[in-house]
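The structure under discussion appears below in the form of structure tokens.
2 protein chains.
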Amino acid sequence: MANNGKNTNSTPARITMHQIAETAGVSIGTVSNVINGSLSVREKLRQRVLGAIRNLGYQPNQLSRGLRLNRTNIIGMIVPDITNPFFPSVVRGVEDIAYENSYRLILCNTDDDPQKEISYLNDLWSFLPAGLLIIPAVGSTISSNSGPPMVCLDRVPEGWKGDVVVVANYKGAYEAAKHIIRMGHRRIAIISGPLHLTNAGDRLEGFRRALRDARISIDPEYVQKGRFDRASGYACTVRLLRLVPRPTAIFAANDLMALGALSAVREFKLTCPDDISIVSFDGLDITEFSDLALTAVYQPGYQLGRTAARLLLSRISGNEEPARKIVLATELKIRNSVAALRPRHQRGKSVPRRQNARSRKRHILRA
Amino acid sequence: MANNGKNTNSTPARITMHQIAETAGVSIGTVSNVINGSLSVREKLRQRVLGAIRNLGYQPNQLSRGLRLNRTNIIGMIVPDITNPFFPSVVRGVEDIAYENSYRLILCNTDDDPQKEISYLNDLWSFLPAGLLIIPAVGSTISSNSGPPMVCLDRVPEGWKGDVVVVANYKGAYEAAKHIIRMGHRRIAIISGPLHLTNAGDRLEGFRRALRDARISIDPEYVQKGRFDRASGYACTVRLLRLVPRPTAIFAANDLMALGALSAVREFKLTCPDDISIVSFDGLDITEFSDLALTAVYQPGYQLGRTAARLLLSRISGNEEPARKIVLATELKIRNSVAALRPRHQRGKSVPRRQNARSRKRHILRA
DNA sequence: TTGTAAGCGTTATCAG
DNA sequence: CTGATAACGCTTACAA
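Heads up: the sequence lines are chains A and B, in that order. Read in order, the letters of the first sequence correspond to residues 1 to 367 in the numbering used here. Read in order, the letters of the second sequence correspond to residues 1 to 367 in the numbering used here.
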């Protein structure tokens, strides 16, 4: 009765161990032993079983297997939004490692909604996953409780005690700011991410530190808080460009916000880097192919995924070490969104310069 | 023995229906009936059961459920490479629909390798998925056999008889070419995708047709075959730029190749759109924020995912109509990578013009 | 309306 | 070394 609609879709009788056992003329237990190598089996029988498996194209049912073992070969992965261009490479890194070790990935998007995160977490549990990989949502409240091993990536939820893999946000931002300073800028603004996110916080701190080390003070208005998306990058930049004096350089805490900043700059009829320099964080390869290639702190997303997946797998296979925090190095990639600035009193001194084709043209024009 | 390493990770005794039954003082069958509404249950008992479920935080085990029903709430999704920036929005569209209907997504990357595709297909089967959503690999040999419902997206494998959701590749390319022609170009080249891919083939055909309709002949050398990635876009463009006469406009069959084309153009010390116009296909939002926003045929990736997921769900719930082919409309988004071209004999006539800030500057300079 | 029990496909224990 | 069998957690037919 409740069955009527279902016959339609039921897979047409998959091959089971029983059929393998039957065609190989052995018992079902023996088949299992052959497959899992749990007990040794006489070579002759082994071959018969293997043959039957090949002939019938048998694939063990992962559900019954998982049910029995109380654990599947599924890795649950939770990301804020696969549509954010930084995450796909992370996911890909995870998937590659998972695949090599014959784990499969269930992917969930939380939209940075802690509610949705919890809900996903719960129903991932009901698949008895081997482990969980989580890029926490903005206000995430997860904790490592009991349950399958979990590793957090990219961001660290408040109060999180478990394993973590992140990039060197503080140091990366520090280098970025130092580069801007070295290029002669003094009026330097930052568009940070949401500060409840550890990575956003660390980037802001690294930035501040570099300015402090160079004895440059920061006008509080030069610190704008964005949300890691284009719209907020745009809005923050509009506010910055209206300031007097206007900053000569902006550090955007991710590429999406830098792209938004670029739109604002264009809308103000200014050009980057001639009128305003921009350095961003992420270094998505897509930002290097536009006419104006962004100078950026590159973070190795794919490696981030691989590393986290490896750590998780080691936990899955019983690694009981205390929780680790792995920090991946970033790299400042100098392209052409930063121009050298020569303050009046320094004219004539040699200062490193970087220009793109266009700014060169304009200088010729002025000459 | 084989157990020693496993206790480590076993989830600490999840709550089961038995415990719910026990604490609610009913039988296990009744609990099931409450949860699934399969049989009506006296209100008082119902409340007791619901209470117990809430209190203990019970989540039904999806494995045993799936095992029993011979079908899970998993949707398997196979994509060539989540790292290709067109796919994340498709995946996201799928995931949103799946989530709303309480299905979960297992994601697999084939790297356009038909081998890997088959292997994934097989082991997705062993999870008894409710359905499969597939963006076929380049040489895909899949067929709709028996098994759970399958829907193909974006590309149609050769000989595929099942459901399909694609965008209007032919028409989109036709419009793109028409736009280029309308802007006065006659020497128009195309960088196509791999032609075993239906979408690549259709785009090429649409392009050819537009030129034929305008009585413009195509130098065979103006037709370059890329692989939908940046590197091939770059290589094809290098070949095109060396041609004499050089094309004045290029239609790139996707954004990634257009980005590669842009690099090549820059390397030849040419500028787009002044020296060469470019139109591409995809319209990823990331291409509109660079200084040079790409004029492109926008394809609705997110909608593609949603539509395919909806179709799949309808199949899952028993829709037995003959296989459908759904074609989603594209939209030409005119930005500023195409300049109007005035052939000598037309100087003085009015021709629609589009320029970006830079080309305007250069004209001032010349004046 | 409710309880009981069979069975989904595995793995693992225990006899033989 | 091999075969029979219990158990994993759930749904559902059937009996009460």
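No residue lacks a Cβ here, since even glycine has one placed at the ideal position from N, Cα and C. Predicted model, so just to flag it, every value in this text is computed and none were measured.
If the cut is a Cβ gap below 9 angstroms, which residues of chain B does residue i touch?
i               : result
E95 of chain A  : I82, L107, C108 and N109
D163 of chain A : Under the 9 angstroms cutoff, chain B gives no residues; its nearest Cβ is about 14 angstroms from D163 of chain A.
N122 of chain A : G57 and Q59
R306 of chain A : Those do not exist, as R306 of chain A stays about 13 angstroms from chain B at its closest Cβ, beyond 9 angstroms.
Roughly how many angstroms separate the alpha carbons of residue i and residue j, rounded to a whole number?
i               : j               : result
H18 of chain B  : L56 of chain B  : 12 angstroms
A177 of chain B : D202 of chain B : 13 angstroms
H345 of chain A : V338 of chain A : In this prediction, H345 of chain A scores a pLDDT of 48, lower than 50, which makes its location untrustworthy; no coordinate-derived value is stated.
L63 of chain A  : C108 of chain B : 18 angstroms
L204 of chain A : R342 of chain B : 51 angstroms
T198 of chain B : T23 of chain A  : 42 angstroms
A368 of chain A : K44 of chain B  : Because residue 368 of chain A is not part of the residues shown, which for chain A are 1 to 367, the question remains open.
T110 of chain A : R186 of chain B : 49 angstroms
S317 of chain B : Q299 of chain B : 28 angstroms
N336 of chain A : K116 of chain A : 40 angstroms
D112 of chain B : E95 of chain B  : 21 angstroms
G29 of chain A  : L50 of chain A  : 14 angstroms
L256 of chain B : F268 of chain B : 19 angstroms
S412 of chain B : I142 of chain A : With chain B covering 1 to 367 only, the question about residue 412 of chain B has no answer from this structure.
G147 of chain B : E100 of chain B : 24 angstroms
D81 of chain B  : L240 of chain A : 38 angstroms
I20 of chain A  : V41 of chain A  : 15 angstroms
I53 of chain A  : C236 of chain B : 47 angstroms
F87 of chain A  : G301 of chain A : 7 angstroms
I135 of chain B : D219 of chain A : 51 angstroms
P433 of chain B : A189 of chain B : Any question about residue 433 of chain B goes unanswered here, given that chain B covers just 1 to 367.
R65 of chain B  : S144 of chain B : 26 angstroms
D213 of chain A : R242 of chain A : 27 angstroms
L39 of chain A  : N319 of chain A : 25 angstroms
Since residue i meets chain A, which of its residues come closer than 9 angstroms, beta carbon to beta carbon?
i               : result
R310 of chain B : Neighbours of R310 of chain B on chain A: none; closest Cβ ~16 angstroms, over 9 angstroms.
F251 of chain B : Those do not exist, as F251 of chain B stays about 18 angstroms from chain A at its closest Cβ, beyond 9 angstroms.
T30 of chain B  : In chain order: nothing, as chain A lies at least about 16 angstroms away.
T237 of chain B : Those within 9 angstroms of T237 of chain B in chain A number zero; the least Cβ separation is about 12 angstroms.
T393 of chain B : The shown model of chain B, from 1 to 367, leaves out residue 393 of chain B, and the question about it has no answer.
For my contact list, residue i and residue j are in at a C-beta cut-off of 8 angstroms; report their separation, rounded to the angstrom.
i               : j               : result
I191 of chain B : A253 of chain B : 6 angstroms
F281 of chain B : A296 of chain B : 6 angstroms
L153 of chain A : L304 of chain A : 6 angstroms
D163 of chain A : A309 of chain A : No, D163 of chain A and A309 of chain A are not in contact; Cβ-Cβ is about 12 angstroms, not under 8 angstroms.
V165 of chain B : V151 of chain B : 7 angstroms
L259 of chain B : R230 of chain B : 5 angstroms
L284 of chain A : P85 of chain A  : 5 angstroms
Between the options, which lies nearest to residue i when the distance is taken from Cα to Cα?
i               : options                           : result
P247 of chain B : B:G260, B:S232 and B:V265         : B:V265
T83 of chain B  : A:N101, A:I286 and A:F207         : A:I286
V34 of chain B  : B:I276, B:G25 and B:R46           : B:R46
D123 of chain A : B:Y103, B:P114 and B:S89          : B:Y103
V91 of chain B  : B:E100, B:N101 and B:V79          : B:V79
I15 of chain B  : B:G25, B:E221, B:P60 and B:L39    : B:P60
M183 of chain A : A:L121, A:S263 and A:S277         : A:S277
L69 of chain B  : B:R42, B:N36 and B:N101           : B:N36
A200 of chain B : B:D213, B:D275, B:I180 and B:V223 : B:V223
S140 of chain B : B:W160, B:Y234, B:R306 and B:G193 : B:W160
F207 of chain A : A:I181, A:R227, A:G147 and A:F228 : A:I181
H179 of chain A : A:A210, A:G193 and A:V156         : A:A210
V307 of chain B : B:I326, B:N319 and B:R315         : The question names Val, but residue 307 of chain B is Thr in the sequence shown. Comparing Cα-Cα distances from T307 of chain B to each of B:I326, B:N319 and B:R315, the minimum goes to B:I326.
P375 of chain B : B:S27, B:I97 and B:D275           : Lying outside 1 to 367, the shown extent of chain B, residue 375 of chain B is not represented and no answer is given.
L294 of chain A : A:L313, A:L312, A:F251 and A:R315 : A:F251
V279 of chain B : B:A340, B:I97, B:L313 and B:L121  : B:A340
Check the Cβ of residue i against every Cβ in chain A and list those closer than 8 angstroms, keeping chain order.
i              : result
V91 of chain B : I82 and L107
Would you mind telling me which residues of chain B sit closer than 7 angstroms to residue i, beta carbon to beta carbon, in chain order?
i              : result
S64 of chain A : L67
P88 of chain A : I82, T83 and P88
At a CB-CB cut-off below 8 angstroms, which residues of chain B make contact with residue i?
i              : result
N61 of chain A : L67, S126 and L128
R46 of chain A : By Cβ distance, chain B contributes nothing, its closest Cβ being about 18 angstroms from R46 of chain A, past 8 angstroms.
Check the Cβ of residue i against every Cβ in chain A and list those closer than 7 angstroms, keeping chain order.
i               : result
P85 of chain B  : P85 and I286
L270 of chain B : The contacting residues do not exist; L270 of chain B stays about 11 angstroms from chain A at best.
R324 of chain B : None at all; the shortest Cβ gap to chain A is about 17 angstroms.
Cβ contact check for the segment 327 to 337 of chain B and the segment 163 to 175 of chain B: 3 or more pairs under 8 angstroms | yes
Report yes or no: do three or more beta-carbon pairs, one from the segment 65 to 82 of chain A and one from the segment 125 to 140 of chain A, lie closer than 8 angstroms?
-> yes
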